Amino acid sequence: ETGVTQSPTHLIKTRGQQVTLRCSSQSGHNTVSWYQQALGQGPQFIFQYYREEENGRGNFPPRFSGLQFPNYSSELNVNALELDDSALYLCASSLSGRAVNEQFFGPGTRLTVL
Amino acid sequence: DQQVKQNSPSLSVQEGRISILNCDYTNSMFDYFLWYKKYPAEGPTFLISISSIKDKNEDGRFTVFLNKSAKHLSLHIVPSQPGDSAVYFCAATPINNNDMRFGAGTRLTVKP
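Protein sequences, first through last, are from chains A and B.
Note that the working numbering has the first sequence beginning at 1, numbered continuously upward.
Note that the working numbering has the second sequence beginning at 115, numbered continuously upward.
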């Protein structure tokens with residue numbers, strides 16, 4: 001059984017560019033949630049995908065978008081990058097979309113926007 | 115809006131003693147609470163949870179206490195071990211919602 005993996009590990013972009021981050025969920029999990037963790041803060045919920053449909057969204061603008069594929073892996077896309085988008089992006093997989101189910105986090109992608 | 119607050123950025127305790135990590139919340143709609151532990155270069159890992167119908171949940175050395183009237187929860191680790199040194203996040207969510215709110219974390223250092 002493989003855990004949650006994320007790619008790339010680190011990424012440097014410039015303001016205005018677009019970025020795609022990837023997440024492979026733990027085997028058997030059909031739900032992926034994405035979080036943004038700014039320096040010195042806790043993770044902030046971006047959105048969740050359950051069986052390829054968005055299943056809840058936090059307070060993030062539409063330039064943050066996502067996809068979930070039939071194998072339940074997921075992408076986070078951020079358009080028109082801003083300096084404040086610099087953060088650690090975490091994905092977490094779980095079995096079903098319910099908060100009571102344990103989420104397994106990946107190690108994160110560190111995004112730096114210059 | 116910070117609906118979940120961990121007011122102590124850091125805590126240092128001696129090995130074998132009790133570690134008490136605190137968390138306060140403001141949203142009365144929260145009815146499920148979790149603690150996560152995070153080591154450097156790793157994602158957070160689930161530690162223990164409690165629903166609002168309980169006031170205590172225990173798992174080995176870890177106990178979470180919930181005081182709904184005070185909107186306060188705490189994590190007790192007894193006895194503390196050097197391997198417990200990590201950042202601990204408190205999280206809360208309504209049970210039928212996916213928008214989990216995290217505190218800013220408390221860095222626990224357990225000294226041998």
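Note that beta-carbon positions come from the ideal geometry of N, C-alpha and C, so glycine has one too.
None of the values given here were measured: they were computed from a predicted structure.
Any C-beta of chain A under 8 Å from that of residue i
i: Asp213 of chain B; result: yes
i: Glu156 of chain B; result: yes
i: Phe160 of chain B; result: yes
i: Ala184 of chain B; result: no
i: Thr203 of chain B; result: Sequence check: residue 203 of chain B is Phe here, not Thr. Yes, Phe203 of chain B lies at the interface with chain A (some Cβ there is under 8 Å from its Cβ).
i: Ala218 of chain B; result: yes
Cβ-based neighbour list, residue i, same chain, cut-off 6 Å, excluding 5 preceding and 5 following
i: Ser124 of chain B; result: Arg221
i: Lys13 of chain A; result: Val19, Leu81, Val113
Beta-carbon proximity list for residue i, same chain, < 8 Å, skipping 5 on both sides
i: Ser165 of chain B; result: Asp145, Tyr146, Phe147, Ile209
i: Thr82 of chain B; result: Nothing can be reported for residue 82 of chain B, as the shown portion of chain B is limited to 115 through 226.
i: Gln117 of chain B; result: Tyr139, Thr140, Asn141, Phe144, Ala206, Arg215
Check: residue i C-beta below 7 Å from any heavy atom of the ligand FMN
i: Leu114 of chain A; result: Here there are no bound small molecules, and the ligand FMN is not part of this structure.
Pick from the options that is closest to residue i, judged by C-alpha positions
i: Pro62 of chain A; options: A:Pro70, A:Glu52, A:Leu81, A:Gln68; result: A:Leu81
i: Glu156 of chain B; options: A:Leu95, A:Arg57, A:Leu90; result: A:Leu90
i: Asp84 of chain A; options: A:Leu39, A:Gly58, A:Gly108; result: A:Leu39
i: Phe64 of chain A; options: A:Pro70, A:Asn71, A:Glu75; result: A:Glu75
i: Ser86 of chain A; options: A:Ser73, A:Gln68, A:Arg110; result: A:Arg110
Chain B within 8 Å of residue i, Cβ atoms only
i: Pro107 of chain A; result: yes
i: Pro43 of chain A; result: yes
i: Gln48 of chain A; result: yes
i: Ser33 of chain A; result: yes
i: Leu90 of chain A; result: yes
Pair within 8 Å by beta-carbon distance, residue i and residue j
i: Glu10 of chain A; j: Ser94 of chain A; result: The displayed chain sequence assigns His, not Glu, to residue 10 of chain A. Taking 8 Å as the Cβ cut-off, His10 of chain A and Ser94 of chain A do not qualify as a contacting pair.
i: Gln6 of chain A; j: Cys23 of chain A; result: yes
i: Gln41 of chain A; j: Ala218 of chain B; result: yes
i: Ser96 of chain A; j: Thr2 of chain A; result: no
i: Ser33 of chain A; j: Asn212 of chain B; result: yes
7 Å Cβ shell around residue i - same chain, five flanking residues per side excluded
i: Tyr153 of chain B; result: Ala200
**Report entry** Inter-stretch contact at 8 Å, needing at least 3 Cβ pairs: the region 5-21 of chain A / the region 190-201 of chain B
**Finding:** no
Query - Inter-stretch contact at 8 Å, needing at least 3 Cβ pairs: the region 125-134 of chain B / the region 158-172 of chain B - result: no
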